[in-house]
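Below is one structure; the comments refer to it alone.
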Amino acid sequence: MRILHTTFSYPPIKCGIPEVLRQLSERLAKRGHEVHVATGAVKGTPRTEVRSGVTVHRFDVQGNLVDGISGEINDYIDFVRSRQWDVIASHCAQIWSTDLLFEIQMDTPLVFVAHGLMYKNYVFRDYYARLAEWLRKKKTIVSLSSVGIDDGAFRRDYSLPEAVIIPNGVDIGEWDTPVLGVRRAWGREDEPWLLNVSAHTPLKSHKLLFELMKELRANNSLMHLTQIGYSFPARKMSLGKIGVRGGCYYQCKVRAQFEKSISMMLNISRAETISAVKEADLMVLTSSWEASPLVLLESMAAGTPFVTFDTGCVREHVGGRVVSSLSEMAQTVIELMADADLRRDLGQQGKKRIAERHDWEVVVDAYEHLYKRLTSEAKRQEALRV
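Be aware that the sequence shown starts at 4, since it is given in this note's numbering, and climbs by one per residue.
Encoded structure:
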């Protein structure tokens, strides 16, 4: 099959959705499919390149239909129209790489992978009506879970077909590797060690990490938290082009200067990040919104228990605790840190669940089966028209 994946960002950008697209695209390419990715431009990266068998096409486009879209709009649209694709899979809503497809008339089977929706945000009310109208035109919807994700309510309210449920995955082999000793190298060997891995975006609620450590101190619980993240170029006034970082990076950096129980690590290598997750005592996630956070699946794969707010589909996972408030998070962290056996049991539960449901090869099987089914149906319909 000739497959096109569209997404707002792709490696070398580091965060959950680019990693999901990388795993899916590279594994499909290894199975002999011709896989292309249309995505955003990255400074210092070729506009067209082949990465691990996947042809990546980059376009300098920003925005969405609500805030406005600017940049190489026609180049992107012309590229999508330029090939005879067997299937197109568009990832995420409220972003240019999906929104620009609304006006393209093609007979190609199209899959929309929601990755969660901000459906309750009134700012996007008209947008979701338009998205629903587009999806009614023989589009197939993929949801990451049937639990806790807004795209379920969206489909019901607009009488859209049920989604195909395909979860996110984990490269199990990547997590079955020796640790590198980063805990000792980073000076965390002799104290309880919490970890957070997330990008410097407002939805990750990094300010609550500082509040959490304050709450723990108030309970006479002395621990250290390391935040591993990445920042992205600032979008406002195109300041990113002159090196200004976006999101909450600068606020976090300043606050960490006065909060000795938190250390900020930026642009850590993948190998070090994996080792840190495996060596930490607990993973904590303070996000105000998620769909299916990859970091929790990776924490489960590492055998490291987690504590998280009830966001997205996290309640269907095992291997950790889901809490409803910051004070409950602090008390749960204290409880788990006091019980090494409980942490070990939770870690084993998480690893078992990953092996059962979230192996990337099983996830890619589901996508490949869906793509082949849609392609076969499209060919049958074309034969009937002839």
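Don't be surprised by glycine CBs; every beta carbon is placed ideally from N, CA and C. These numbers come from a predicted model, not from an experiment.
Under 8 Å between C-beta atoms of residue i and residue j
i      : j      : result
SER278 : VAL185 : yes
GLU301 : LEU183 : no
THR289 : LEU211 : yes
TRP99  : ASN67  : yes
PHE127 : VAL69  : yes
ALA96  : LEU134 : yes
LEU349 : GLY323 : yes
ILE72  : LEU103 : yes
GLU293 : VAL317 : yes
LYS143 : LEU377 : Looking at the sequence itself, residue 143 is Thr, so the reference to Lys does not match. Yes.
ILE20  : THR9   : no
VAL321 : ILE169 : no
ILE337 : SER224 : yes
HIS227 : SER272 : no
Extent of the continuous beta strand (DSSP E) to which residue i belongs
i      : result
ILE265 : 265-269
ILE6   : 5-9
MET286 : 285-288
LYS142 : 142-146
SER93  : 90-94
Cross-strand partners of residue i (DSSP beta bridge)
i      : result
HIS227 : TRP196
GLY71  : ASN67
ALA41  : THR9, HIS60
GLY232 : LEU269
ASP362 : VAL173
GLY323 : PHE309
LEU113 : ILE91, LYS142
VAL167 : VAL145
Integer Cβ distance of residue i from residue j, believed to fall under 8 Å
i      : j      : result
VAL83  : VAL114 : 14 Å between Cβ atoms; not a contact.
LEU31  : TYR13  : Actually they are not in contact, since the Cβ atoms of LEU31 and TYR13 sit about 14 Å apart, beyond 8 Å.
PRO205 : GLY250 : 7 Å
VAL310 : VAL298 : About 12 Å; that fails the 8 Å criterion.
MET4   : HIS39  : With a Cβ gap of about 11 Å, MET4 and HIS39 do not count as contacting.
ALA283 : LYS354 : With 8 Å as the limit, ALA283 and LYS354 do not qualify as a contact, their Cβ atoms being about 15 Å apart.
MET216 : GLU177 : About 30 Å; that fails the 8 Å criterion.
TYR252 : HIS203 : 4 Å
SER330 : GLU192 : The pair is not a contact, with the Cβ atoms about 29 Å apart (cut-off 8 Å).
ARG15  : VAL45  : Here residue 15 is Pro; the residue named in the question, Arg, does not match the sequence. Correct: roughly 6 Å between the Cβ atoms.
PHE157 : TYR122 : 5 Å
MET340 : LEU285 : 7 Å
VAL3   : GLU385 : Nothing about residue 3 can be read from this structure; the chain reaches only from 4 to 389.
GLY47  : VAL64  : So it is not a contact: roughly 18 Å between Cβ atoms.
Chain C within 8 Å of residue i, Cβ atoms only
i      : result
GLY323 : Absent from the structure is chain C; it holds one protein chain and no more.
Delimiting residues of the alpha helix (DSSP H) encompassing residue i
i      : result
PHE213 : 210-221
LEU24  : 19-33
SER302 : 297-305
VAL59  : Here VAL59 belongs to no alpha helix (DSSP H); instead the beta strand (DSSP E) covers 57-62.
LEU329 : 329-340
GLU52  : Counting along the chain, GLU52 falls outside any alpha helix (DSSP H), though it belongs to the beta strand (DSSP E) covering 51-54.
PHE82  : 76-85
GLY259 : The sequence given here places Ala at residue 259; Gly does not occur at that position. Taken as a continuous stretch (DSSP letters only), the alpha helix (DSSP H) holding ALA259 covers 252-261.
GLY249 : Premise fails: GLY249 is in no alpha helix (DSSP H) and is neither H nor E.
GLY155 : 154-160
ALA401 : A question about residue 401 goes unanswered here, because the residues of the chain that appear run from 4 up to 389.
SER201 : Here SER201 belongs to no alpha helix (DSSP H), and DSSP marks it neither H nor E.
ASP102 : 99-102
Problem - Inter-stretch contact at 8 Å, needing at least 3 Cβ pairs: the segment 167-181 / the segment 194-211 - result: no
Exercise for the section: Answer yes if the segment 83-90 comes into contact with the segment 100-116, meaning at least three C-beta pairs across the two stretches below 8 Å, and no otherwise. Expected result: Yes, since at least three Cβ pairs between the segment 100-116 and the segment 83-90 fall closer than 8 Å, the two stretches touch.
Practice task
Flag this pair as touching only if the segment 113-131 and the segment 54-62 have three or more C-beta atom pairs under 8 Å; answer yes or no.
Solution key: no
Handout entry: Three-pair Cβ contact test at 8 Å for the segment 29-46 versus the segment 360-376
Key = yes
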